[in-house]
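Sequential numbering of the sequence shown, starting at 825, is according to the working numbering.
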Amino acid sequence: MSGVRPFPRKTTAAIAAVGIFGLCAARKASLRNETFAESPKPCGGPRGLERRGGPGGRMGFHTMRLESSIQVNDNTKRLRFQLPDPASNAGLSLTSFILTFHKPRDAWFPVIRPYTPINDSDEPGYIELLVKKYPNGRASGYLHSLQPGDTLNIRGPMPSYKWKANEFEHVNLIAGGAGITPMYQLIQGMLNNPDDRSKIKLIFGVNTEKDLVMKKELDAFEQKFPDRLKVVYRVSDPVEGSQFAKGRVTKELLEKELLGPKDSKTTKVFLCGPPAMEAAIFGNKGWISSQKGALGELGYAADRIHKF
Ligand SMILES: Cc1cc2nc3c(=O)[nH]c(=O)nc-3n(C[C@H](O)[C@H](O)[C@H](O)COP(=O)(O)OP(=O)(O)OC[C@H]3O[C@@H](n4cnc5c(N)ncnc54)[C@H](O)[C@@H]3O)c2cc1C
């Protein structure tokens, strides 16, 4: 059991008590932030990715030890945690996330947040998270404060969208900022699956070039699978002379770039980004009025779109 221990009984009981509220809290947090909204559902996946079991082969609560913490840019860190059994993988399906728990000293209840692992789910021994730190962010601040050797309590993996290889001919992924993590997990799983033939278009919008996290990995996939993956970048505030097109992810850009017929069951759009971006692209439903998003205006029915 390298570096990882099960929760002490008292902690497990406390966490179990809040566990049932955990998903609600995660869901509420995501609704509050309007960032990654969708309640977890049972999930299958290609290539045996439907394996059940959490870190170390068990679904449930776990304590993982931080192996390394790498600063990716001024607000984002890549955190690699050891799994209980170095020979087993995390049992992650496409698409899934974990819930992190920590209890601030002055709080009654633990802070529970969902995060999407970005590691290749077939590689044994570890889970890797890419975490963006928000000003006064309770979970992200805590995760950024962890040092190698520190431990983190998690529950998972939690299944999300019920992914089936080749269900769609055209898979469009629209990501904003830290919303790249579920998209990257999906891209990696699809492209590493030799049976998967779907074509993927990723539209990745960020504020500045430094926010283009995972670009190196995306470039490598694009090079290796030129017929399967195409990435379009948009930077709203690029430096002068930047190689990237300036702008946001607009209706015009989506109209030009999205793959496949919009009214066909063979086309799917996945979306994950900050609240303003999701509202502009997907729309939002208020108590008094509802706003149609760019995708709706372009003719994409709601069931063609999945918000993480
Ligand atoms: C299924 C799922 C998967 C996720 N995966 C990841 C992941 O892989 N990596 C990652 O970094 N995050 C991910 N998130 C978001 C993450 O769960 C937290 O919501 C985020 O880290 C902020 O939590 P916090 O406790 O630090 O901030 P809080 O203490 O909740 O909020 C602090 C401040 O930050 C602002 N804020 C919080 N979230 C956002 C946001 N998204 N955009 C703009 N302002 C915000 C709040 O409005 C508030 O002012 C995921 C969310 C979901 C639902």
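Each residue gets a CB set at the ideal place from its N, CA and C atoms; glycine is no exception. Computed from a predicted model, the values in this text were never measured in an experiment.
Counting C-beta pairs closer than 8 Å gives fewer than three between the stretch 971-979 and the stretch 1001-1008, which falls short of the contact rule. Here Ala-1100 is exposed, its C-beta having fewer than 16 other C-beta atoms within 10 Å. Shortest Cα-Cα distance from Ser-1066 to any of Glu-1033, Arg-1052 and Val-1056 involves Glu-1033.
The alpha carbon of His-886 has as its nearest neighbour, out of Cys-1096, Ala-989, Gly-980 and Asn-913, the alpha carbon of Gly-980.
Our two residues, Ala-1069 and Arg-1058, have alpha carbons roughly 5 Å apart in a direct line.
The alpha-carbon separation between Lys-956 and Arg-962 amounts to approximately 12 Å. Shown here, Ser-920 sits in a strand according to DSSP, grouped into three states. Here Ile-1105 has Ile-998, Val-1073, Leu-1095, Gly-1117, Ala-1118 and Leu-1119 as same chain residues with Cβ atoms under 7 Å from its own Cβ, once five neighbours each way along the sequence are excluded. Boundaries of the beta strand (DSSP E) around Ser-892: 884-895. Below 8 Å, too few C-beta pairs join the stretch 890-901 and the stretch 915-925 to call them touching: fewer than three.
About 20 Å separates the CB atoms of His-994 and Gly-1097; that is not less than 8 Å, and the two are not in contact. Secondary structure of Met-1007 (DSSP, three-state): helix. At the C-beta level, Leu-890 and Phe-905 come within 8 Å of one another. Inclusion of Arg-1052 and Ile-1027 in the CB contact set at 8 Å is not warranted, their separation being larger than that value. In this structure, ligand 1 has a non-hydrogen atom nearer than 7 Å to the beta-carbon of Arg-937. Judged by beta-carbon spacing, Tyr-939 lies within the 8 Å limit of Leu-953, meaning their Cβ atoms are closer than that value.
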